[in-house]
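Undergrad:
Residue numbers (the numbering used here), protein chains in the order written: chain A, 543 to 654; chain B, 3 to 145; chain C, 4 to 799; chain D, 1337 to 1458; chain E, 135 to 630; chain F, 781 to 872.
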């Protein structure tokens, strides 16, 4: 399972990277989201998979999976949500202001 | 030009559903200590309920009945979380030291009370406040 | 803190007071300031008796003692000689400046602050024993000379000259710093005296030669040696008192000082010998040759200074051969050149200071320094002419002036250099006297130009900017007269300074005992005298035929000069660096991301392979069910849909699908809390995506070049493969048991049965607290993004 | 005890899934939004109710665990699914999504037309 | 256990949150902000003295023993940076009152500024890898909002790039954390250090170390600095000053912490790599700085150069090099904020950032000009100002380690700094005065206090280095002996 | 036996979801897509329920209700949007 997930993570990273490199705001954000999904999977994989039951003490008949990565992912998900929300609104505002969603047109090297 | 839609069905069900959602979110919030759930998820569910109200009614009429500045609510939430941390220090403990105990309350029977719950209240408030702030900000931008 | 410290710090202290007093003064600020150098000079004079007996004084003042950085000073013959020159000439220059700088028109407080800063730095520099303090003051002289050169900062030329001087001298300073640091690492001390004591260790080190070269670069830049000499002519933009002070008597001598000070450490080695004497001679030749051509009096003096510094430098180089021997006649034989160097250094300070002041007077009274405009001033300014006569003849090396003595000694030194036989390439030394002689001829010529062109001939008033040219005020004449008198005085009583100043200084330079030298004005018809006579004959011949042979200057076009090399180099550097930087700083984020991806992941994969980090261990892997595979396939399919679709709603929804499949994964991986949170967050994210992107243009099919797609493809595959490999390695690379078992006591410890929740609110509650703070900041951010807009919002 | 739970729950859940499948087939096969809405909401609501009740019974019987959340869930789904279908259909109609050719009647059409006419007159 | 440690983190946060509740009282907000930062400064000094007297101070949050809970650890290095941060923040916010504009103040500028300080201080103090990530996010989000605050075209555009790159680097950071957790099974920095020391730094761990280096390198502007010039020149001076002074320094701090506490087993590989990156950074930064004629660009490239310098000292990994790095780091924080503030005033006065369009400011603003001059000299490392001890000891350290090329590049780049900064001085302050005082677009009223204060500090750091040298040497000791840090964290408890 | 039965149910459910996805992609109108999404949500609820039985855990019951709530809100939001062009109205 871990090996399978490693490959999935790799694929998600590849797709995410491809999207990020595509100069279009929406695609970039989609790519970033995919990568953050991949990372969440990676963290939980790193904690070890299916080594026990859910980390709830009430069903304590079996062992528990590692709860630490789960807590980390929870924090990461929330932070990621916050950042994505900000980035989305930012990109929307940038588009409105500049009239383009192509990062290639947002170089800003010309003197303003 | 179309006639104005009649939203009676939606409004009625929305009110009912909102009550269920709020109940559920409170349940999720309380359950967090022992079952899946907790402040964050409870807060988000509450926010979802509020969004549902916004959806089927409109922002102004909800604001009229629930006059809350969500930014302040969020700030207060974070402050609560911080101050539960500080509270421990007055008793000479470390910052964020949580305590819990079991109390025999008249109605609920033996109940566990933990300062962590207060912390979670802060989390929930912060989440609700932020989520609604984001949603209303965006929708007020006449998207 | 000793009295000597006080003397050195006195100029700095005076600086602090100047801003407070200068506005209240009715008299010229210089009258106050002049007491500072005068006081120092008098007190330095009082050191002579003790120093001339061969004593020295060392004092220490703590600065950063715990780092071993202390203001250690050391007063020996060399320091005293320099200190007297600095404070003596300083006094005269300040007096001179009182008449030169107009009280009402100039920002005098700035001028004197810079001057005092410089003076203090210079005094400290020559008596510092600590290399880092030496460096500190060295840079301070650069900075203060920068400020002085750019004193008239409105002028473009002043600024350019100042910057050039600053860049070159700071460059040298940095090289010197590197050299000094290397020295201090080798000798494990910052004290120059201790380095000299441990010279054996230093000479054995493999870093000896680099340190030597670096320190010499420092000395050469400061002393305007070829090819670093280019800053000095441009530094003439400074007010003339400054030129007289910095660029004849003091700052440029700092390099000489450094070479002299370092002689005990480096002297006796072939590299040092060849570099110092060789560069010195080249500079001597170059300076005198270029000086002949100048039409600006100050530029002429600048090149003559370069030339004279080369002379001193070459003598120091030749004299360093003395260090090859530990004692005996041979040492004395070569040490004579060092003695000559010190003597000429002193003489140069006197006659060059006088000459600069003369030029300043001419400039001040006539308004120009261009020799093509000037002429016949002798009749109007007899006193000035007399001083000019003394100064230029002394520089030309004619009796009865001190220059004659040191010039003769210079020839002696060069002749003795031909007998050097302990270093390789010794045949080269036979060129030394030839070069010395030729350069002396040119020196003779420019000295005559300096004397003849402005003072003899016809005065053409119409060419001069100022009307009614007259003799300078007496106050302005006093300082050059004093210097001129000194020039004559030294010729007649050379051994007075020889005994009390030069021999102790020589002793300090050599750091070894040699018999005291006597300066003799007449020693028969030796080779030296014949050389001098030859110089006069040829010099006069060439001077009168100057128009016929100046054609040879055209052989060297201006574009090839080092100066134009510097200027075009600077310009090119700006252009090249802008074009280089603009090439990679395109402003397009895709390029930046490409760099980041390529660098990060290629470095990672190289590191992983290079450090033998790849080792797989699948034994700890958990089982796979069909359902898992289904979920994984669905996930990958959804991800590919996100990539390939051209419909933005589809892209967003399929991204959401990936998120929801994550929920399923979390369910499989026994993470209910995660599943719940992911579920809600994914919904909210998707909703936000839809809200924000509904009004944006459609994704559409963009026609991108093949190269674009191929680059993306290669980079993304690189990223994916690297991440996969690293993750595979990591999964089999658990070295320790994780700390999670502790948290399984959550119920006893935190009263919670949900371990994840216990971690979130209790064990790692701090994370959660900050996490909601992050969320909150994002909320505020969204709010301000939408609410706060600049006036005249031009959104579409 | 456990076996009876498995049997009851198994049967209910299986029925639920079948209903869900049928509803999905309906969703694919039926001709227009409005008809598909029947299949989508009604059938799948029934399906999910069966599954949820089965689950509820399973835990009730095997563990004696009565989940209020599940009950709440059942109520919620039962309450909202029809409304959701209603809202979608209305939106579709107002967006002028065409009815299938075979539709027998379109009462709203006349009402909308009348309303429009009235507006124009005003 | 020392509860004081929480205050530098929590006080700005609380104050910032309270400002949200008082949206209209700008004056009160200003006052409170100043008071908060002053208190934080005071507490930092207090902690610093405790650290120097009693050794490294720790606070296990929630009272959970070391590897399980999150711990704040104040060793001398961290607390020195916290102190500097507080001082710099104090000056920058003082500066902002006059320049930032009512509009921004009404839109929570003060809160965001304080949140940023929370993030920075927290990053310095935390002893937990994941918590470090969280603090990074706090400061990053605050910085995102601060860069975009105002909503001008340029700001939005540059924020976009800034955010994207930082999200990506945070993602890489999480990858590193995941691998680290897999290998060592813990998140506590000291615990990781212990475990890696026990197992040895094998190839995979070294690779992860390099991943961390690159991640923090992106944040610190080490070689992968491409995002930096744009985003630092977009916001107003008070914000870009605090960015220049603090944000890259957090990345630098993280690199130093990771490579002295955890990954110190293979210095000939990892530290050499840091050295190569530092050299490249120095060269590219120097080349960037000398070419342009725009104040903002010149200054931002100097930020990059600063990063290169500091890490060159760490690359050497000798006592001198580390000492130099710390001195340079502290001075850089002070002098960068100073020079950005003055640069801001110049732009504020002339209304342009193009050097070719300004001239002769010194006639009307002599003090500003001379303070810029002092700041410039300090930046170049001209003694006896603050920068020189750092420069000398970094060079010395590089030489001692045998990295002569690194020391040489550092010195050559000093010359480039000199050229670039003096270009500003000579073009902005010297030359003919072309605008009279009446024509200026702004005044220097009220902004001189922080500038003077920072100038005094940078002079004092050089002349009065003896006063803080004891602390700096303690910091060096702490960095070179990771055992001190570990002992303080575990406080004698058994290490699981 | 029981577990196989559950797996079978899950597979049937997956097929149902696939049908729904077909409708989601095909459309043709936005209303169709929203409807399909709604159906997927409801099917997911069933899936989770079956999965809970299969795993014999009540850890995921919250998820069931949550999916219900979110799918309802999503549907309403979409419908609102289709009907009025805005998601949340400032004032009616």
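C-beta atoms are modelled at their ideal positions from N, C-alpha and C, and glycine is treated no differently.
Quick caveat: nothing in here was measured; it's all calculated off a predicted structure.
Taking the beta strand (DSSP E) that residue 64 of chain C belongs to, which residues open and close that run?
TA: Its beta strand (DSSP E) spans residues 60-67.
Undergrad: Below 8 Å, can you find three or more Cβ-Cβ pairs linking the segment 162-175 of chain E to the segment 710-722 of chain C?
TA: With the cut-off at 8 Å, the segment 162-175 of chain E and the segment 710-722 of chain C do not touch.
Undergrad: Does the Cβ-Cβ distance between residue 136 of chain B and residue 782 of chain C come in under 8 Å?
TA: Yes, they are a contact pair.
Undergrad: Please identify, using Cβ separations under 9 Å, the residues of the segment 47-67 of chain B that lie next to chain F, in order along the chain.
TA: From the segment 47-67 of chain B, only 47, 50, 51, 53, 54, 56, 57, 58, 59, 60, 61, 62 and 63 have a Cβ closer than 9 Å to chain F.
Undergrad: Could you check whether the Cβ of residue 182 of chain E sits closer than 8 Å to any Cβ belonging to chain I?
TA: Included in the structure are the protein chains A, B, C, D, E and F, with no chain I among them.
Undergrad: Apply the 10 Å Cβ neighbour rule to residue 556 of chain A and answer buried if 16 or more other Cβ atoms are within range, or exposed otherwise.
TA: Burial call: buried.
Undergrad: Any residues in the segment 77-89 of chain B with a beta carbon nearer than 9 Å to a beta carbon of chain C? Which ones, in chain order?
TA: Flagged, chain order: 77, 79, 80, 83, 84, 86 and 87.
Undergrad: List the residues of chain B that residue 194 of chain E touches, going by C-beta distances under 7 Å, in chain order.
TA: Residues of chain B passing the Cβ test: 96.
Undergrad: Just to make sure I have the definition right: I need the residues of chain E whose C-beta is within less than 8 Å of the C-beta of residue 188 of chain C. Which are they?
TA: Correct list: 530, 533 and 534.
Undergrad: Cutting at 6 Å between CB atoms, please list the residues of its own chain near residue 12 of chain B, excluding the five before and the five after it.
TA: 58.
Undergrad: Going along chain F in order, which residues have a C-beta closer than 9 Å to the C-beta of residue 1400 of chain D?
TA: Under the 9 Å cutoff, chain F gives no residues; its nearest Cβ is about 12 Å from residue 1400 of chain D.
Undergrad: Please return the same chain residues whose Cβ sits closer than 7 Å to the Cβ of residue 211 of chain C, not counting the five positions on each side in sequence.
TA: Only 205 meet the Cβ criterion.
Undergrad: Do you know how far the Cα of residue 283 of chain C is from the Cα of residue 229 of chain C?
TA: Each residue's alpha carbon lies about 8 Å from the other.
Undergrad: Using the beta-carbon of each residue, which ones in chain B are nearer than 7 Å to residue 144 of chain E?
TA: By Cβ distance, chain B contributes 84.
Undergrad: Have a look at residue 263 of chain C and residue 496 of chain E and give me their C-alpha separation to the nearest angstrom.
TA: In a straight line, the C-alpha of residue 263 of chain C is about 40 Å away from that of residue 496 of chain E.
Undergrad: Straight-line CA distance for residue 552 of chain C to residue 199 of chain C?
TA: Straight-line Cα distance between these residues: approximately 49 Å.
Undergrad: For residue 78 of chain C, which beta-bridge partners are listed by DSSP?
TA: DSSP, once it has assigned bridges, lists C/60 as partnering residue 78 of chain C.
Undergrad: Thinking C-alpha only, which one of C/371, C/301, C/414 and C/223 is nearest residue 318 of chain C?
TA: Checked all of C/371, C/301, C/414 and C/223; the closest Cα to residue 318 of chain C is C/414.
Undergrad: Have a look at the DSSP bridge pairing and note the partners of residue 72 of chain C.
TA: Bridge partners of residue 72 of chain C: C/67.
Undergrad: For residue 104 of chain B, does the three-state DSSP call read helix, strand or coil?
TA: Correct three-state label for residue 104 of chain B: strand.
Undergrad: Select from the segment 619-635 of chain A all residues with a C-beta closer than 7 Å to any C-beta belonging to chain B, and list them in chain order.
TA: Answer in chain order: 620, 627 and 631.
Undergrad: Assuming residue 785 of chain C is part of the alpha helix (DSSP H), what are its boundary residues?
TA: Residue 785 of chain C -> alpha helix (DSSP H) spans 768-790.
Undergrad: According to DSSP, is residue 628 of chain A helix, strand or coil?
TA: Helix.
Undergrad: Are the beta-carbon atoms of residue 139 of chain E and residue 387 of chain E separated by less than 8 Å?
TA: Going by C-beta atoms, residue 139 of chain E is not nearer than 8 Å to residue 387 of chain E.
Undergrad: DSSP three-state label for residue 329 of chain C, please.
TA: Of the three classes helix, strand and coil, the one that applies to residue 329 of chain C here is coil, per DSSP.
Undergrad: What residues match up with residue 322 of chain E in a beta bridge as DSSP calls it?
TA: Answer is E/262.
Undergrad: Please report whether the beta-carbon of residue 22 of chain B lies at a distance below 8 Å from any beta-carbon of chain A.
TA: With 8 Å as the cut-off, residue 22 of chain B does not count as an interface residue toward chain A.
Undergrad: Assuming the contact rule is C-beta atoms closer than 8 Å, residue 277 of chain E and residue 358 of chain E should be a hit. Round their C-beta distance to whole Å, please.
TA: Not a contact, Cβ separation roughly 17 Å.
Undergrad: Residues in the same chain with beta-carbon distance under 8 Å from residue 592 of chain E, minus the five sequence neighbours each way, listed in chain order, please.
TA: Closer than 8 Å at Cβ, skipping near neighbours: 465, 468, 469, 472, 508, 509, 512, 519, 520 and 521.
Undergrad: Report the rounded CA-to-CA distance for residue 464 of chain C versus residue 550 of chain C, giving the unit in angstroms.
TA: The straight-line gap from Cα to Cα measures roughly 25 Å.
Undergrad: Just to confirm my understanding: we take residue 145 of chain B, look at its own chain, exclude 5 residues before and 5 after, and list those with CB closer than 7 Å. What are they?
TA: For residue 145 of chain B, the predicted model reports a pLDDT of 47, less than 50, meaning its position is unreliable; a value from the coordinates is still stated below. Excluding positions up to five away in sequence, the list is empty.
Undergrad: At least one CB of chain B closer than 8 Å to the CB of residue 857 of chain F: is that the case?
TA: For residue 857 of chain F, the answer is yes, since a Cβ of chain B falls inside 8 Å of its Cβ.
Undergrad: Looking at the C-beta of residue 18 of chain B, does it have a partner C-beta in chain F at a distance below 8 Å?
TA: No, because no Cβ of chain F sits closer than 8 Å to the Cβ of residue 18 of chain B.
Undergrad: Can you grab the Cα-Cα spacing for the pair residue 654 of chain C / residue 660 of chain C, in whole Å?
TA: If you take the alpha carbons of residue 654 of chain C and residue 660 of chain C, they lie about 10 Å apart.
Undergrad: Can you tell me which of the three DSSP states residue 594 of chain C falls into?
TA: The answer is helix: DSSP assigns residue 594 of chain C an H, G or I state.
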